[in-house]
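Student: Numbering (this note's numbering), first residue to last: 11 to 687. We put the CB at the ideal spot given by N, CA and C, even for glycine. On a predicted model such as this, the values are computed, not experimentally measured, just so you know. What follows is a single structure, and I will ask about it in a moment.
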Ligand SMILES: [Zn+2]
C-alpha cells in the first residue's frame, strides 16, 4: 500500500524500521567482518552477540545526535556523506548543469539556507493558516482539509492507491486509519505512569508549537488539549498493530455510498473529488470501525478544535522547513523525549535526508552512478539465485508440509521477482519548480507532485517495477502484493556486502538479508498471499495448522526476551521478522555450503568458514540503543533488537552449535530449537 504522508502503513516487510530521526555521526568504511569487534573474553556459546560485537559496542558510544548506533547506522552515515558530496557538487550554479543537478542542487541549497529561512519567519505558513482561521463551519473545515491533503498533509485518516488485495495487478483507492501525532494508538490509551507523563509532554509540545506560530500561551494550551482529545478519539477506533499483521482483517471493499452511510458526518464525495481522486466504483476500507471514529470526531468536535487540529497537522509536517525554533521544538519532543537523542542532527544531514525524501529518483540516480560496482552487482545476483535454489531444496525436504501445499509454495517461489540496486525507469521531476531560495515552497511543490502522482495510479494496473525505497537507503523489503524482493544500492555495501571479503562473510551478511526477504514470502503474513500477490488461502488446513505450531515456537521464544525494564519482546508483533531472520540464516548457510561444494577454504583470521559465516551475520547487528528508543520500539517495531536478532537465531541453528563446538546445555543451544523454514 502506498500511503501518502508521514506514517508508513505499507504492507511491505522491510529489514529495518527507521525512526523520525535516524542519521548518524561520522563513520569510517567498516569491513564485512571485523576481528577487532570481537570480545574474546566472552563465550560464543553463552552470548554470541556479546562475543561477536562486544568490543565494537564498547568502542562506539552512541553519538549525541543518535538514539541508536549500530554498524548499519554507520553505513547509512557513509551514504549520507556520499550524498552530501553529490549535492554540494550539484549545487554549484554551473551554466550548463544537467536538469537533474539543478533540481537536487538547488533543493539542497534552499534547505541549507538557515539564515534565509529564519528571516522569512512564519510568512510561508500565513496563507494556509489564514485559510484555516477563516473557516466558519464544518464544510469550510473539510475544504481546508482538501487543500492540506494536496499539499501532503493528511489529517484524520490516510488515503492513497494500493493493489487490490484479491486482484493484485490492479490499483484501487485505499482508506486507512491515521491522523495521530504519536507513534501508535496505544500511546493514547495506556494508563501507566510513563504513558500518562508522555501524553503531558506531547500536549505541552503542541502548545509550544502553537505559541511559535503566534498564538498566545493560554489559547495555545486550550487548543493543544483539544488536539489531544480529538486524536484520542481516532486512537480508540484504530486497530492495534498485532491485528494489523493479518491482511484478511484489513480487506473490506466498500462503495462510496456505503462509506457515506457508515460515516455521514464527513463529506466523503466532496473530499475525494476535491483532492482529484479518480472515480471509484469501490475502495478498500482497512478498518471499517475507524470510520465511526471519523464520524464522531466530525459530528461532535467543535469547529474551533477541528481548526486547531488542522493547524497542528500543518505545523508538525512543515516544521523541518520553518525557522530553526520550530525545528528545535520538534526535535525536543520527537527526537529527545521519544527517542532519547541528545542533540539535533547537523543541518546538512537533515537537508540530505530531506532531498532524498522529496526527490528520491533524482538523487538516487546520481547515487547509483557513484557507488554501485559491477562486481558487487554480479556477486549479489549470483547469491540471490543460489538462495532461491536453497529455498527450493528446503521446501522439498520439509517433513511437515503435504505435497499439495508444497507444490503451491514452489510455484510462489518461482514467481518471486528480484530487484537489485537498479531502477528501470527513473522518475523525473521536470514539471516541479525548484527554487534556490524557497525551501518551504520546494517541499510543498514536491509534495503536490507526489500526491498527484499517487492518486493518478488509482484504477490503473500496478507497476511492479516501481520502488518503495530510495536507492541510497540502507534497507531491503519484500512486497507481498507484488511477490518481489527489493535490495536498494544503499545496502549492497560493507558491512552487508564487501568485495574484499570471502564468501562466508558475504553470505552471512547480505546473503542472510536476501534469505530474510525471501522468507517473508512465507511468514505468517506473506504466506496468505499467492504467487501473484493475491490474498488467497493456498494451504490445506493441516499444513496451516502445522505452520501455526512452528510459528508458536518462535512467538514463545522471542516473547521470553526482555528488552528493557520489565518490557518483553511482543512475540506476535515480531513473528514475521523473527521468522524471516531465522529462515534467512538457514537459507544463506545452505547456499554457502552449496556454493563451496564441500571444499572448505582454510581458516582466515583464525576462524573457519562456518564460523565466519555466523560472525559476518552477527556483526551486521552490532548496536547500542538509548532507553527511550528501546521503549518506543518495543511498542512499535516489528523487528527485535539487534542482540536478539542474533542470539534468538543462532539458538535455533544446529550448524551454529557445531561451528563453535557448543555443548547441549549452553545458552546458545535452544531447547526447543524452533524452526519454521
Ligand atoms: Zn523483514
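Strictly closer than 6 Å from CB to any heavy atom of ligand 1: give me those residues in the order they appear in the chain.
Tutor: Selection output, chain order preserved: 23, 24, 25, 526, 530, 587, 590.
Student: So, helix, strand or coil for residue 635, using DSSP?
Tutor: Three-state DSSP puts residue 635 in a strand.
Student: Distance check for residue 439 and residue 106, CA to CA, integer angstroms please.
Tutor: Approximately 18 Å, taken between the alpha carbons.
Student: Since I believe residue 528 is in contact with residue 689 (beta carbons under 8 Å), could you give me their beta-carbon distance rounded to a whole number of angstroms?
Tutor: An answer regarding residue 689 cannot be provided, because it is not within the stretch 11 to 687 covered by the chain.
Student: Measuring alpha carbon to alpha carbon, tell me which of 541, 166, 226 ends up nearest residue 244.
Tutor: Per the Cα distances, 166.
Student: Going straight from the alpha carbon of residue 26 to that of residue 501, what length do you get?
Tutor: Using only the alpha carbons, I get a separation of about 11 Å.
Student: Note the first and the last residue of the continuous beta strand (DSSP E) segment covering residue 177.
Tutor: 177-187 is the extent of the beta strand (DSSP E) around residue 177.
Student: Quick one: Cα of residue 141 to Cα of residue 93, how far?
Tutor: Straight-line Cα distance between these residues: approximately 38 Å.
Student: What are the boundary residues of the alpha helix (DSSP H) that includes residue 300?
Tutor: Note, residue 300: alpha helix (DSSP H), 298-310.
Student: Skipping 5 residues on each side, what residues in its chain have a beta carbon closer than 6 Å to that of residue 272?
Tutor: Contacts found: 301.
Student: Does DSSP put residue 163 in a helix, in a strand, or in coil?
Tutor: If DSSP states are grouped into helix, strand and coil, residue 163 belongs with coil.
Student: Taking CB distances under 8 Å as the criterion, tell me whether residue 467 reaches chain B.
Tutor: Given the protein chain composition of this structure (a single chain), no chain B is represented.
Student: On the DSSP bridge assignment, give the partners of residue 494 in chain order.
Tutor: Paired residues: 427, 489.
Student: Measuring CB to CB, does residue 600 end up less than 8 Å from residue 327?
Tutor: It is not a contact, given that the beta carbons lie outside the stated cut-off.
Student: Give me the DSSP bridge partner(s) of residue 23.
Tutor: DSSP, once it has assigned bridges, lists 488 as partnering residue 23.
Student: List in chain order: all unbroken beta strand (DSSP E) runs of 3+ residues lying wholly within the region 398-462.
Tutor: Counting only runs of 3 or more, we get 427-430.
Student: Would residue 427 pass as a contact of residue 493 if the rule is Cβ separation under 8 Å?
Tutor: It is a contact, given that the beta carbons lie within the stated cut-off.
Student: Under the assumption that residue 571 contacts residue 579 (Cβ atoms under 8 Å), give the Cβ distance between them as a whole number of angstroms.
Tutor: Yes, they are in contact, since the Cβ atoms of residue 571 and residue 579 sit about 5 Å apart, within 8 Å.
Student: In or out: residue 460 buried (at least 16 other Cβ within 10 Å) or exposed?
Tutor: The residue is buried, with at least 16 neighbouring Cβ atoms inside 10 Å.
Student: Are there 16 or more other CB atoms within 10 angstroms of the CB of residue 415, so buried, or fewer, so exposed?
Tutor: Label assigned to residue 415: buried.
Student: Around the Cβ of residue 56, are there at least 16 other Cβ atoms within 10 angstroms (buried) or fewer (exposed)?
Tutor: So residue 56 counts as exposed.
Student: Start and end of the beta strand (DSSP E) containing residue 79?
Tutor: Taken as a continuous stretch (DSSP letters only), the beta strand (DSSP E) holding residue 79 covers 78-80.
Student: Would you mind stating whether residue 297 and residue 187 have Cβ atoms separated by less than 8 Å?
Tutor: Yes. Within cutoff.
Student: With DSSP as the reference, label residue 293 as helix, strand or coil.
Tutor: The answer is strand: DSSP assigns residue 293 an E or B state.
Student: Using 7 Å as the cut-off, classify the Cβ of residue 319 as near or not near the heavy atoms of ligand 2, replying yes or no.
Tutor: Among the ligands modelled here, namely ligand 1, ligand 2 does not occur.
Student: Quick check: the Cα distance between residue 687 and residue 432, rounded to an integer number of angstroms?
Tutor: Going by the C-alpha atoms only, they are around 29 Å apart.
Student: Starting from residue 132 and walking both ways along the alpha helix (DSSP H), at which residues does that stretch end?
Tutor: Where residue 132 is concerned, there is no enclosing alpha helix (DSSP H), given that its DSSP letter is neither H nor E.
Student: Among the candidates 610, 538, 449, 574, whose CA atom is the shortest distance from the CA of residue 131?
Tutor: Nearest C-alpha to residue 131: 449.
Student: Put residue 344 into one of helix, strand or coil per three-state DSSP.
Tutor: Helix.
Student: In terms of residue numbering, what span does the alpha helix (DSSP H) encompassing residue 285 cover?
Tutor: 278-285 is the extent of the alpha helix (DSSP H) around residue 285.
Student: Kindly indicate which residue of 640, 463, 425, 481 has the alpha-carbon position closest to the one of residue 539.
Tutor: Of the candidates 640, 463, 425, 481, the one whose C-alpha sits nearest the C-alpha of residue 539 is 425.
Student: Scan the region 537-592 and note each continuous beta strand (DSSP E) run of 3 residues or more that stays entirely inside, going in chain order.
Tutor: You should have 572-574.
Student: When the distance is taken between beta carbons, is residue 176 closer than 8 Å to residue 545?
Tutor: Closer than 8 Å, so yes.
Student: Just to confirm, is the Cβ distance from residue 255 to residue 512 under 8 Å?
Tutor: No; because the gap between Cβ atoms is not below 8 Å, this pair is not in contact.
Student: Using the Cα positions of residue 442 and residue 67, report the straight-line distance between them to the nearest angstrom.
Tutor: Roughly 44 Å separates the two Cα atoms.
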